[in-house]
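Okay, so the sequence shown: first residue is 1 according to the UniProt record's numbering, each after it adds one.
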Amino acid sequence: MNTIAQDSLKLILLPTEKCNFRCTYCYEDFLLGRMPRPVVDGVKNLIARRIESGKLSHLEIDWFGGEPLVARGVLFEIAGYAYDFYQKGSLTSYQGSLTTNAYFLTLETLKDLVALRQRNFQISLDGYGDDHDLTRKQADGSGSFDVVWKNLLAARDWKEGEFEIVLRLHITEQSYLNMPKLCGEIAKEFAGDRRFVVFFKRISNLGGPNKANIKHVPLDAASMAVDEAVAHLDAAGVPYSNGVNSKFESQVPVSSIAVRRAGESSVQGKVASAPYICYASKPNAFVIRSNGRLAKCTVAFSDPKNDIGHIDQSGSMHIASDKAAYWTRGLLTGDHNTLGCPADG
1 MNTIAQDSLK LILLPTEKCN FRCTYCYEDF LLGRMPRPVV DGVKNLIARR IESGKLSHLE
61 IDWFGGEPLV ARGVLFEIAG YAYDFYQKGS LTSYQGSLTT NAYFLTLETL KDLVALRQRN
121 FQISLDGYGD DHDLTRKQAD GSGSFDVVWK NLLAARDWKE GEFEIVLRLH ITEQSYLNMP
181 KLCGEIAKEF AGDRRFVVFF KRISNLGGPN KANIKHVPLD AASMAVDEAV AHLDAAGVPY
241 SNGVNSKFES QVPVSSIAVR RAGESSVQGK VASAPYICYA SKPNAFVIRS NGRLAKCTVA
301 FSDPKNDIGH IDQSGSMHIA SDKAAYWTRG LLTGDHNTLG CPADG
C-alpha cells in the first residue's frame, strides 16, 4: 500500500480482543470482547462512504486480536462486505491478511477466507510438539501444537489454494536449542511449496501481565541456533527471513514479508528486504479496536498517545489531530528510527 496515497486505506481490525490462547509472553490483557453491532456498522459505513465519494480505490484489511477467528462472524461479515465492492469493480485492489494462532484455521475456514481475498496469514510456532506447547498454551493450560500443525498440513495439501503463510518462528528460552528440529520438520513437510515462508524472531518484552517473566535469549545464542536451523530450509528451498536482530517489532508484518502476495509470482530463495516504514507511521493506516477506539499501533494499547479517537456508527472517524500527527511525524523529519517505530523513535 502506498504510504501516503489519498485513495488507499489500510485498516487493522480487531473483531475481538479475547483469545483462546494464553501465551506466556503475551502483552495483551484480553479485556475487550467481540466487536458490537454499532462498531461493525461503522467499519462497513466507513468503507462504503469512502468508495462512494471516490476517495477509496485500494483497500487492505489486516485482522488482529486477541484471536480474530474467535469472532469469525464479525470477520466474515466485514470481509465479505468489502469483497462485494471489489467484485463490482468499485475497488481497484482489495486484499486481507490475518495474524492468527491457526487453532481455528481449518481447511474449510481457509477456503472461505481465500474466497474473500483474505489470503495472507502469519502463524507463530515456538518449537515442534512439546516445545511449542510450553509457551503457546490454550486458555485452559493445554497444548495447541497438534491442532495447529494439522491445520498447516491440510493447507499444504490444498494444492490449488492461492495463499501465503508466514511461519513466524519464535526464539524463546525454551525453544531456541530445538529450532533446528522444527526447521527440519518444516523442510520435510513444506519443501517445494513456496506458499510457506519462514520468519525468525526473538521474543520481545512488550510489557503487559507477563513482562516480569520474559527472558531474552542472547543474540549470539539465538543467531547460532538460527544458522543451524536455516541449513534445513536452504536444502529444501523454503524461503526465509532472519529477523533475530531486527530493530523493530513490526518489521515483518503479515502482508509484506515477501516480495510477492499470494497468487502472484513466487519469490526465489531468501526473502528480500526493503527500507522499512512501520504501518503506524502511515497517515492512511488505522487500527480499529473492538470497542471502536482508534489507534495507530498494535503493541502499545496501554499508551494514551495511541488512543487517537473513535469511529461512530455512521462511519465517521473522530480523530485527535495532534495525536495522529505524533505517529506520522517521521514522514516530515525523515528520521529512519521514527519511521521504523514511531512509538519509540
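For every residue, glycine included, the Cβ atom is placed at its ideal position computed from N, Cα and C.
Element boundaries [alpha helix (DSSP H), containing residue i]
i	result
ALA115	107-115
TRP149	145-157
ASN120	Note, ASN120: premise wrong, no alpha helix (DSSP H); beta strand (DSSP E) at 118-125.
Backbone CA spacing between residue i and residue j [nearest angstrom]
i	j	result
GLY243	ASP193	21 angstroms
PRO342	ARG293	19 angstroms
ARG289	ASN337	26 angstroms
TYR128	GLY161	25 angstroms
THR135	GLY89	45 angstroms
ALA187	LEU107	21 angstroms
TYR94	LEU116	9 angstroms
LYS44	LEU177	46 angstroms
ALA102	GLU17	16 angstroms
ILE319	ASN291	15 angstroms
GLY42	ILE203	35 angstroms
GLU52	LEU331	29 angstroms
MET179	GLU228	8 angstroms
ARG168	GLN122	7 angstroms
SER223	SER124	18 angstroms
ARG49	LEU152	38 angstroms
THR24	LYS55	43 angstroms
VAL70	PHE85	25 angstroms
VAL40	LEU91	20 angstroms
PRO239	ARG156	15 angstroms
ALA139	GLY66	12 angstroms
ASP146	ASP7	43 angstroms
ASN284	HIS216	34 angstroms
PHE301	ASP307	7 angstroms
LYS150	CYS26	24 angstroms
Selection from the options that minimises the alpha carbon distance to residue i
i	options	result
THR328	SER314, ASP344 and GLN122	ASP344
GLN313	PRO38, LEU9 and PHE30	PRO38
VAL198	LEU113, SER241, THR172 and PRO180	SER241
LEU113	THR333, GLY80, LYS201 and ASP157	GLY80
VAL22	ASP133, GLY237, ALA280 and MET224	Val is not the amino acid found at residue 22; the sequence shown has Arg there. It is ASP133.
GLY334	CYS297, ALA320, PHE301 and CYS278	CYS278
LEU13	THR99, GLU52, ILE51 and THR92	THR99
GLN87	SER97, ARG72 and SER57	SER57
ALA325	GLY309, VAL147 and ALA154	GLY309
ILE165	ASN120, ALA139, GLY141 and ASP146	ASN120
SER321	ASN245, ALA295, LEU339 and VAL299	ALA295
ASN20	LEU31, ASP7 and LYS10	LEU31
GLY73	VAL226, ARG34, TYR83 and THR92	ARG34
PHE104	PRO68, TYR83 and PHE85	PRO68
ASP131	GLY66, MET317, HIS170 and GLN118	HIS170
GLN118	GLY143, VAL238 and GLY96	GLY96
SER316	VAL148, ARG195 and ILE47	ILE47
TRP158	ARG195, GLY143 and VAL148	ARG195
TRP63	PRO15, TYR83, CYS26 and ASP29	PRO15
ALA191	ASP234, PHE286 and THR172	ASP234
THR109	VAL230, ALA82 and PHE76	PHE76
GLU185	ALA231, LEU59 and TYR27	ALA231
LYS181	PHE163, ASP303 and ALA225	ALA225
ASP220	ASN245, ALA236 and GLY237	ASN245
ALA154	GLY237, GLN174, GLU189 and LEU59	GLU189
For residue i, the three-state DSSP class (helix, strand or coil)
i	result
GLY334	coil
GLN174	coil
ASP7	coil
LEU91	coil
TYR81	helix
HIS132	helix
ARG202	strand
GLY73	helix
residue 346	The question about residue 346 has no answer here: the residues shown for the chain are numbered 1 through 345.
PHE163	coil
SER281	helix
GLY42	helix
ILE257	For ILE257, the pLDDT reaches just 44, beneath the cut-off of 50, and the residue's location in the model is therefore unreliable, although a value from the coordinates is still provided. Reduced to three states, the DSSP call for ILE257 is coil.
GLY192	coil
MET179	helix
ARG49	helix
LEU14	coil
ARG22	coil
LYS55	coil
GLY96	strand
ARG289	coil
LEU339	helix
ASP344	coil
The beta strand (DSSP E) enclosing residue i, as first and last residue numbers
i	result
LEU294	293-295
TYR326	Run containing TYR326: none in the beta strand (DSSP E); it sits in the alpha helix (DSSP H), 321-327.
ASP29	Taken as a continuous stretch (DSSP letters only), ASP29 belongs to no beta strand (DSSP E), as it is neither H nor E.
GLU60	58-63
ILE311	309-311
Inset, instruction - Would you list, in sequence order, the uninterrupted alpha helix (DSSP H) runs of no fewer than 4 residues that lie entirely inside the region 216-240? - result: 219-236
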